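Here full-length UniProt numbering is used: the sequence shown runs in plain steps of one and ends on residue 607.
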Amino acid sequence: EKAGHKHFMAKEIAEQPIVLADALQAYSTPDGKGIELPNGTLDFTKCDRITMVACGTANLACQVAKYWFEQLAGLPVDVDIASEFRYRKPVISDKSYALFVSQSGETADTLAALRYAKDRAAMILSVVNVPESSIARESDLALPIMAGIEVGVASTKAFTCQLLALAALALQAGHQRGHLDDAAMAAHMADLNLLPGVLNQSLAQEKAIKRVAHKISTAQDVLFLGRGAMYPLALEGALKLKEISYIHAEGYASGELKHGPIALIDKSVPVVVLAPTDDLFDKTVSNMQEVMARGGKVVLISDAKGVREAGDGVWETVVMPQISPFLAPILYAVPAQLLAYHTAVAKGTDVDQPRNLAKSVTVE
Ligand code: M6R
244 EKAGHKHFMA
254 KEIAEQPIVL
264 ADALQAYSTP
274 DGKGIELPNG
284 TLDFTKCDRI
294 TMVACGTANL
304 ACQVAKYWFE
314 QLAGLPVDVD
324 IASEFRYRKP
334 VISDKSYALF
344 VSQSGETADT
354 LAALRYAKDR
364 AAMILSVVNV
374 PESSIARESD
384 LALPIMAGIE
394 VGVASTKAFT
404 CQLLALAALA
414 LQAGHQRGHL
424 DDAAMAAHMA
434 DLNLLPGVLN
444 QSLAQEKAIK
454 RVAHKISTAQ
464 DVLFLGRGAM
474 YPLALEGALK
484 LKEISYIHAE
494 GYASGELKHG
504 PIALIDKSVP
514 VVVLAPTDDL
524 FDKTVSNMQE
534 VMARGGKVVL
544 ISDAKGVREA
554 GDGVWETVVM
564 PQISPFLAPI
574 LYAVPAQLLA
584 YHTAVAKGTD
594 VDQPRNLAKS
604 VTVE
């Protein structure tokens, strides 16, 4: 049932091009040039804010989506951790849509947060992998992510499929609200249609990532850096690594480095920099140079152009395929997952059933 893989996690990472292609088809118009939701319709001109709530990796998908909704649709977005949201008495206007993201659809805190929002928000939406789950049943519209069953405790394909569904929603919102004209929409759809193939190419970097993983498997601490929508990806890379390899890892927004974390840098701390070439690339590179100037060992994950422009001095590089900046968070999830996976394998930990963790957290 692991289809020739050593672990479910490896199988689920490898499946991503296929499940994403299926999900993309489900969220596209038949001609592939527009967005059409698989099981209902939404009107984003009727809301003035989106409140997103989730836990763990699903929360990090929401944090990426915040960048998308703001940039593509001009919609303000709040992102909350469900366990905080449910007890904070958050103010929810009746013109806001509340959106809950959960792989299992049974996470206790996320479900409680949904119930809190129920009579307050204009609409309760969810993005779930299990269509018959409690969160799906209690939503006005439950959008499926179509990742198929995810067995590994570390979420992989569910994360990228959550991102795909959220990207589709952000594009639809942008189009409906007049932020994206037909041409811009067509360009984004063309990029989206390339995604499964590009993801497949990124899996070919597994050997390079394995080499890096062996080197970081002896580290005590690892930092992940990213800017813009790559910042939540840095958080996800760190979460994945600590979850299955038990190495202490933290993700930071690159620009926050000099406000504290740079004090941690020395030659024993690998720093993984997630930096596709985009508008913020030069800024990330200068943060990277600050790390190297203090003896930090940089693992640069970028495209060929980025690796070239970053120059000498990096400890290790992983070369990713070129991708539109909008979709980079989906693509860069793959090396983050593979890095955690191979580090855990090198350390001999229980990859699919890491200690102290459950696949579905149904108690608070
Ligand atoms: O089923 P959910 O998506 O609601 O679960 C949320 C988190 O418990 C989950 O993403 C957790 O953080 C994963 N183990 C991360 O890999």
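Positions of the beta carbon are idealized from the N, C-alpha and C atoms, including for glycine. Model, not experiment: these values are computed from the prediction.
- Under the DSSP definition of a beta bridge, residue 343 partners with 296, 369.
- When secondary structure is reduced to three states using DSSP, residue 324 falls in the strand class.
- With a threshold of 16 other beta carbon atoms within 10 Å, residue 388 meets it and is buried.
- Residue burial is scored here from C-beta neighbours: residue 393 has at least 16 other C-beta atoms within 10 angstroms and is therefore classed as buried.
- Residue 607 is classed as exposed because its beta carbon has fewer than 16 other beta carbons within 10 Å across all chains shown.
- The beta carbon of residue 500 sits closer than 8 Å to the beta carbons of 468, 530, 533, 534 from its chain, once the five residues preceding and following it are set aside; these are given in chain order.
- For residue 523, DSSP assigns no beta-bridge partner whatsoever.
- Counting along the chain, no alpha helix (DSSP H) covers residue 494; the unbroken beta strand (DSSP E) around it starts and ends at 491-496.
- If you check the C-beta of residue 349 against the ligand M6R, you find a heavy atom less than 8 Å away.
- Around the beta carbon of residue 598, fewer than 16 other beta carbons lie within 10 angstroms, which makes this residue exposed.
- Contact between residue 290 and residue 339 holds: CB atoms are separated by about 6 Å, below the 8 Å threshold.
- Per the C-alpha coordinates, the member of 472, 450, 505 positioned closest to residue 559 is 450.
- Rounded to whole angstroms, the gap between the alpha carbons of residue 415 and residue 262 is 21 Å.
- For residue 510, there is no enclosing alpha helix (DSSP H), since its DSSP letter is neither H nor E.
- Excluding its 5 nearest sequence neighbours in each direction, residue 417 has C-beta neighbours in its own chain below 6 Å: 315, 316, 423, listed in chain order.
- Assigned with DSSP and collapsed to three states, residue 559 falls in strand.
- With a cutoff of 9 Å on beta-carbon distance, residue 575 and residue 476 are scored as near each other.
- Between the stretch 375-384 and the stretch 400-413, the count of C-beta pairs closer than 8 Å stays below three; the two stretches do not touch.
- Measuring C-alpha to C-alpha distances from residue 347 to each of 430, 305, 447, 376 identifies 376 as the nearest.
- By the 16-neighbour rule on beta-carbons within 10 angstroms, residue 327 is exposed.
- Counting C-beta pairs with one atom in each stretch, the stretch 357-365 and the stretch 319-335 have three or more that are closer than 8 Å, which means they touch.
- CA-CA distance, residue 260 to residue 440, rounds to 7 Å.
- Taking C-beta separations shorter than 6 Å and ignoring five residues to either side along the sequence, the partners of residue 571 in its chain run 519, following chain order.
- Ranking 266, 565, 400 by CA distance to the CA of residue 386 puts 266 first.
- Under a 10 Å Cβ-count criterion, residue 336 is classified as exposed, with fewer than 16 other Cβ atoms of the shown protein chains found around its own Cβ.
- Residue burial is scored here from C-beta neighbours: residue 502 has fewer than 16 other C-beta atoms within 10 angstroms and is therefore classed as exposed.
- The alpha carbon of residue 457 has as its nearest neighbour, out of 588, 341, 308, 300, the alpha carbon of 588.
- The three-state reading of DSSP puts residue 606 in coil, since its state is none of H, G, I, E or B.
- Here residue 463 really is in contact with residue 511; their C-beta atoms are around 7 Å apart, less than 8 Å.
- In the structure shown, residue 387 adopts extended strand secondary structure according to DSSP, grouped into three states.
- Residue pairing by DSSP places residue 464 opposite 491 in a beta bridge.
- Placement of the Cβ of residue 377 at a distance of 8 Å or more from every heavy atom of the ligand M6R is found.
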